[in-house]
Amino acid sequence: MPHMTESEVFDKFAQIVARSLRIDVAQVKPEVHLNDLGAESLDLIEISMETESQFHIFLPDKSILETAVEAFGSDILEKDGYLTDEGKRLMLCRMPDADAETFQGKVAVKDLQSYFLKIGTWVRMIQGLARYTPSECRACGGSMLASMGFRMKCVQCGEEITLRSGEELNREWVREYYDKEYHPHAGAAPVPVTVVQ
Amino acid sequence: MASLLIEPASPLGPLASGPPLLSHQWNAPITSWASSDALVCRRLDALPCEPRALADLVLSYQERDYWVNMRAVDKRRHEWLLGRCAAKDAVSLLLEKPLGARLPHAEIEIVPDPYGRPRAEGAWSVTLGTQPVISIAHSHGTAVALAALHPGQLVGIDLESLSHRREDYEAIAFSPDERNLLDAIPCDLRQEWALRMWCAKEALGKALGRGLSAGLLAFHIAGAEASTGLLHLDLRSGALAQFPRLRGRSLTVYTARESDFVFAAVIYQQGAAE
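Respectively, the protein sequence lines represent chains P and B.
The opening position of the first sequence corresponds to residue 18 in our numbering, with each subsequent residue numbered one higher.
The opening position of the second sequence corresponds to residue 1120 in our numbering, with each subsequent residue numbered one higher.
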């Protein structure tokens, strides 16, 4: 899809949130958390589905930390509910534009869950995923339109592609981080990276 | 089915002294559990008084500070307060017998653990040498709390309203074989059972203490008993990574409908199934 600025993504996402929660759009601000706007668990699912539909993206079903913990094994990134130093390194690498203080001091898993419920965090995630949604057909340069499910179709030549899922992209990022950042830094890695199926 | 498990103290009885209870006893979620003699479930459907007065009455200093500074819409602020009231009532009733008196609400502090699961704390926990486990749920202005006296018991409860719900969340919330289970249910009951299945996932996630962080499909509904409301779940992928000892275990969640609400409750004895 055409490149959207953070502000454009925010405006569109704020409309989705306001409509779903039946609140005034002015209440939706980057620093506000979805649960503080009254969102219940099923509201979050509805918001996710509407976001996927309107931005033509495929959201991951769990956080990057969960995907990384599954891949790295227990106790390396998170121990007893708190991020380890390795866990903080990973999160800072993944979210360089995040507020640095989010990962300062003792960081509990619940604090991260809260961070992932912030409107601003959602906006950056949507913007990041939208980069993988093509606006032009690779074969003929024609415009791509949303098709059934998580598919896009060229209006000119009919070429169809399946959107890459956020989960798949997260796993790729974790694998790359492990190879390029974690492994050289940690030396002999204690646990080989595998993703639990 | 067992009858009422722990009666609210009689106004004339010896244990009746102490602060009034704000919520009402709600046994529906716990009557199906055989060993439920140390369980209490409470429910509150509306604010019993003006919210700020209620906060002054029931919250500890730290809780009140948190609530006053909560940047949230009224619905969220009120439900948070209702949930605290129900949970504190439940803990207060559980501790009434071992302590010999009912604790003031403000002396029972509900704080989240590092994973976000609520737990009850207070000076009494040193005296008693125990810390009850709790689970709180709220939806559409109603709050419920389930509490167990023994820390080895893990409890989870969830509540959802049947009003204003669409069916298309099923595509995200359920796997193809879970949707096949739903397809076998008569059309007029489908929405209710979809919500029962959703509540069951949430309740189990709460009982285990990590919520649904491992992903919605990591809590898999393997079977449903229409006559009893029992759902049988097993853990998959990310949830198994969190709880490897539960591999191959079937976990039972009780679900039911009560007027416009559907609820699910699970009481899991740690170690019993491992």
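Note that the Cβ used here is the ideal one computed from N, Cα and C, for glycine as well.
The beta-carbon of B:S1332 is placed less than 8 Å from the nearest beta-carbon of chain P. According to the DSSP assignment, P:G145 belongs to the alpha helix (DSSP H) that extends over I136 to A147. Assigned with DSSP and collapsed to three states, B:H1269 falls in coil, not helix or strand.
Residue contact with chain P for B:I1291: present (Cβ-Cβ distance below 8 Å to some residue of chain P). Interface annotation for the segment 1180-1198 of chain B against chain P: M1189, R1190, A1191, V1192, K1194 and R1195, criterion Cβ-Cβ distance under 8 Å. Out of B:E1215, B:A1337 and B:C1306, the CA that lies nearest to the CA of B:E1321 is found in B:A1337. Contact check for B:A1266 against B:V1210 passes: the beta carbons are separated by less than 8 Å. Contact annotation: the segment 1172-1190 of chain B does not touch the segment 1256-1271 of chain B, with fewer than three C-beta pairs closer than 8 Å. With a threshold of 16 other beta carbon atoms within 10 Å, B:R1203 meets it and is buried.
Annotation: B:I1276 to B:D1302 spans about 25 Å, alpha carbon to alpha carbon. According to the DSSP assignment, B:Q1388 belongs to no alpha helix (DSSP H) but to the beta strand (DSSP E) extending over F1380 to Q1388.
Shown here for B:D1208: same chain residues with a beta carbon closer than 7 Å to its own, the five before and five after excluded, namely L1140, L1141, S1142 and R1161 in chain order. In the three-state scheme derived from DSSP, where H, G and I count as helix and E and B as strand, B:Q1310 is classed as helix. By the neighbour-count criterion, in which 16 or more other beta carbons inside 10 Å mark a residue as buried, B:V1381 falls on the buried side.
Burial state of B:C1318 is buried, judged by a 10 Å Cβ sphere holding 16 or more other Cβ atoms. Within 7 Å of the CB of P:Y132, no CB atom of chain B is found; the nearest one sits about 12 Å away.
In the pairwise beta carbon analysis, the segment 1324-1331 of chain B is classified as touching the segment 1234-1245 of chain B: at least three pairs are separated by under 8 Å.
Contact note: B:L1336 reaches chain P through D78, using a C-beta cutoff of 9 Å and chain order. Residue-level contact check: B:E1377 does not touch chain P, since none of the beta carbons of chain P fall below 8 Å from its beta carbon.
Residue ranges of uninterrupted beta strand (DSSP E) with 3 or more members, entirely inside the segment 1226-1290 of chain B and ordered along the chain, are 1228-1231, 1237-1240, 1252-1258, 1261-1267 and 1272-1280. Residue state for B:R1368 is assigned as coil, using DSSP reduced to three classes.
One Cα belongs to B:S1332, the other to P:G175, and the distance between them is close to 38 Å. Proximity of B:P1233 to chain P, defined by a Cβ-Cβ separation below 8 Å, is satisfied.
In the displayed model, B:D1164 falls within coil according to three-state DSSP, outside both helix and strand. Taking a Cβ-Cβ threshold of 8 Å, none of the residues of chain P is close to B:E1311; the smallest such distance is about 14 Å. For P:E83, the C-beta contacts it makes with chain B under 8 Å involve S1332, A1333, G1334 and G1357, in order along the chain. In the DSSP assignment, B:I1340 falls outside any alpha helix (DSSP H) and lies within the beta strand (DSSP E) extending over F1338 to A1343. At the C-beta level, P:S65 and B:I1304 stay beyond 8 Å of one another. At least 8 Å separates the CB of P:N187 from every CB of chain B. Unbroken alpha helix (DSSP H) stretches of 4 residues or longer found wholly inside the segment 119-200 of chain P: 126-133, 136-147 and 183-194, given in chain order. The beta carbon of B:S1282 sits no closer than 8 Å to any beta carbon of chain P. For P:E95, the pairing in a beta bridge is given by DSSP as P:L100. If you ignore the 5 residues before and after P:V126, its C-beta comes within less than 8 Å of the C-beta of L82, E95, G98, Y99 and L100, all in its own chain and listed in chain order. For B:R1376, the secondary structure class from DSSP, reduced to helix, strand or coil, is strand. Annotation: the continuous beta strand (DSSP E) that includes B:H1351 extends over L1349 to L1354. For B:N1188, no alpha helix (DSSP H) run applies, since DSSP gives it neither H nor E.
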